[in-house]
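The listed protein sequences correspond, in order, to chains A and B.
Count along the first sequence from 1, then add 46; that gives the number in our numbering.
Count along the second sequence from 1, then add 46; that gives the number in our numbering.
This report refers to the structure that appears directly beneath it.
Number of protein chains: 2
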Amino acid sequence: MAYSHTRSRATPAAIGALSERTGVKIETIRYYERIGLIPAPPRSEGRRRLYDETHRQRLVFIRRARELGFSLENVRRLLGLSGRHTQTCGEVKALAQHHIGEIRTKIRNLKRLERTLSELAARCQGDAVPECPILKTLGNVR
Amino acid sequence: MAYSHTRSRATPAAIGALSERTGVKIETIRYYERIGLIPAPPRSEGRRRLYDETHRQRLVFIRRARELGFSLENVRRLLGLSGRHTQTCGEVKALAQHHIGEIRTKIRNLKRLERTLSELAARCQGDAVPECPILKTLGNVR
DNA sequence: CCTACAATCTGTAGCCGCTACAGATGCAAG
DNA sequence: CTTGCATCTGTAGCGGCTACAGATTGTAGG
Numbered sequence: 047m048a049y050s051h052t053r054s055r056a057t058p059a060a061i062g063a064l065s066e067r068t069g070v071k072i073e074t075i076r077y078y079e080r081i082g083l084i085p086a087p088p089r090s091e092g093r094r095r096l097y098d099e100t101h102r103q104r105l106v107f108i109r110r111a112r113e114l115g116f117s118l119e120n121v122r123r124l125l126g127l128s129g130r131h132t133q134t135c136g137e138v139k140a141l142a143q144h145h146i147g148e149i150r151t152k153i154r155n156l157k158r159l160e161r162t163l164s165e166l167a168a169r170c171q172g173d174a175v176p177e178c179p180i181l182k183t184l185g186n187v188r
Numbered sequence: 047m048a049y050s051h052t053r054s055r056a057t058p059a060a061i062g063a064l065s066e067r068t069g070v071k072i073e074t075i076r077y078y079e080r081i082g083l084i085p086a087p088p089r090s091e092g093r094r095r096l097y098d099e100t101h102r103q104r105l106v107f108i109r110r111a112r113e114l115g116f117s118l119e120n121v122r123r124l125l126g127l128s129g130r131h132t133q134t135c136g137e138v139k140a141l142a143q144h145h146i147g148e149i150r151t152k153i154r155n156l157k158r159l160e161r162t163l164s165e166l167a168a169r170c171q172g173d174a175v176p177e178c179p180i181l182k183t184l185g186n187v188r
């Protein structure tokens with residue numbers, strides 16, 4: 047077990063192992079390769095992909111950025127910026143803040159939606175009343 | 047001008063006019079027809095679609111439901127329910143409430159996202175500090 | 001009537017971000 | 001050697017449109 051750390055660095059992993067380690071599905075990994083988000087890894091003799099630690103790191107980066115709601119296009123930008131440092135922190139921040147703005151807009155819109163729908167649902171009594179306020183609002187003329 | 051009301055009922059409209067009246071784009075109208083959300087209208091001699099008032103109402107219904115965030119699948123259900131009445135108001139309400147639940151979940155998730163990103167962005171000083179907390183959190187190891 | 005030009009037609013492909021197949025291989029354990 | 005899993009490539013599908021291309025039809029002006 048003293049080897050485990052060294053082994054995980056030295057031994058290249060197949061796509062299934064990489065998938066488990068990163069939480070990114072196999073098909074998605076291949077998809078990311080296809081669209082050029084991750085580099086094509088070297089292959090075994092039987093043409094299987096062999097991944098190392100740097101691939102793992104990049105995938106984890108992508109997964110986390112996706113969890114934060116960045117589009118693949120913006121993930122691509124973040125990855126581009128992540129190589130060079132110092133100068134780029136400002137760009138990263140700008141990207142993040144733009145993204146925050148979009149999220150806030152989405153939240154505002156969803157809240158409006160929720161209010162409208164809740165009001166409609168509250169006015170709707172179920173089976174009791176023959177006129178359904180929801181259908182009515184939707185423009186239904188019976 | 048005394049005729050205008052009567053005319054708009056009696057004269058069938060081309061797809062462009064329908065589009066303008068409902069705010070649904072031409073291509074989208076044809077798309078809705080293709081997927082069976084609206085019935086195929088009668089045609090002119092030159093095979094152009096001719097719409098009447100009932101088509102307009104249905105399209106407006108769809109547009110409003112879409113604006114409320116209903117999926118086309120749920121729009122389909124609402125349309126199905128909107129024909130028969132009295133008994134179905136409860137079903138409509140159930141559909142709406144389920145939808146409200148989904149919207150609330152989305153809002154919660156987006157809020158969490160916004161908090162996380164805002165915290166990260168706040169800790170990021172722009173160019174000043176060589177270590178970017180955003181990139182760091184994303185798992186970047188330089 | 002002829003000519004432009006606008007409107008509409010059909011069919012197909014693209015967008016995003018995967019996901020799900022099919023059918024062919026590779027590989028390790030029993 | 002066989003079984004059975006892992007992986008391979010390529011393609012199609014999801015939702016909900018949108019954007020073309022290229023053919024027709026309708027209409028207004030001259």
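C-beta: ideal position from N, C-alpha, C; glycine also.
Check, Outcome
"At what residue ranges does the segment 55–116 of chain B contain a whole run of the beta strand (DSSP E), taking only runs of 3 or more?", "none"
"For Leu159/B, tell me which candidate among Glu165/A, Arg169/A and Gly147/A has the shortest Cα-Cα distance.", "Gly147/A"
"To the nearest angstrom, how far is it from the Cα of Met47/B to the Cα of Lys157/A?", "Note that Met47/B scores a pLDDT of 42, beneath 50, so its modelled location is shaky; the value from the coordinates is reported in the next line. Roughly 43 Å separates the two Cα atoms."
"Please list, in chain order, all residues of the same chain as Leu96/B whose beta carbon is under 8 Å from its beta carbon, the five residues on each side excluded.", "Pro58, Ala59, Ala60, Pro87, Pro88, Arg89 and Ser90"
"Less than 7 Å between C-beta atoms, sequence neighbours within five positions excluded: which residues of the same chain meet that for Ala111/B?", "Val121 and Leu124"
"Would you say Ala142/B reaches chain A, if we count a Cβ-Cβ gap shorter than 9 Å as a contact?", "yes"
"Can you tell me whether Gly136/A is helix, strand or coil according to DSSP?", "helix"
"At a CB distance below 8 Å, what residues from the segment 138–163 of chain A approach chain B? Give them in sequence order.", "Val138, Lys139, Ala142, Gln143, His145, Ile146, Ile149, Arg150, Lys152, Ile153, Leu156, Lys157, Leu159, Glu160, Thr162 and Leu163"
"Measure the alpha-carbon distance for Ala63/B versus Arg80/A and round it to whole angstroms.", "44 Å"
"What is the rounded straight-line gap between the Cα of Arg55/A and the Cα of Glu99/A?", "At Arg55/A, the pLDDT of 49 sits below 50, so the modelled position is not reliable; the number obtained from the coordinates is stated separately. Answer to the nearest angstrom: the Cα atoms are 6 Å apart."
"Tell me the rounded alpha-carbon separation between Phe116/A and Pro85/A.", "20 Å"
"Taking the straight line between their C-alpha atoms, what separation do you get for Arg104/B and Ile72/B?", "15 Å"
"So, is Ala168/B buried or exposed, given that buried needs 16 or more other C-beta atoms within 10 angstroms?", "exposed"
"Short check: CB of Leu181/A to CB of Cys170/B, under 9 Å?", "no"
"Using the three-state DSSP reduction, which class does Glu177/B fall into: helix, strand or coil?", "coil"
"Less than 8 Å between C-beta atoms, sequence neighbours within five positions excluded: which residues of the same chain meet that for Leu184/B?", "none"
"Considering only C-alpha positions, which residue in the set Glu177/A, Arg76/A, Arg109/A and Lys139/A is nearest to Arg94/A?", "Arg76/A"
"Give a yes or no on whether 9 Å exceeds the smallest Cβ distance from Ser128/B to chain A.", "yes"
"Go ahead and pull the three-state DSSP assignment for Gln143/A.", "helix"
"Report back the beta-carbon spacing between Thr162/B and Leu114/A to the nearest angstrom; my notes put them in contact at under 8 Å.", "7 Å"
"Please state the DSSP three-state secondary structure of Ala168/A.", "helix"
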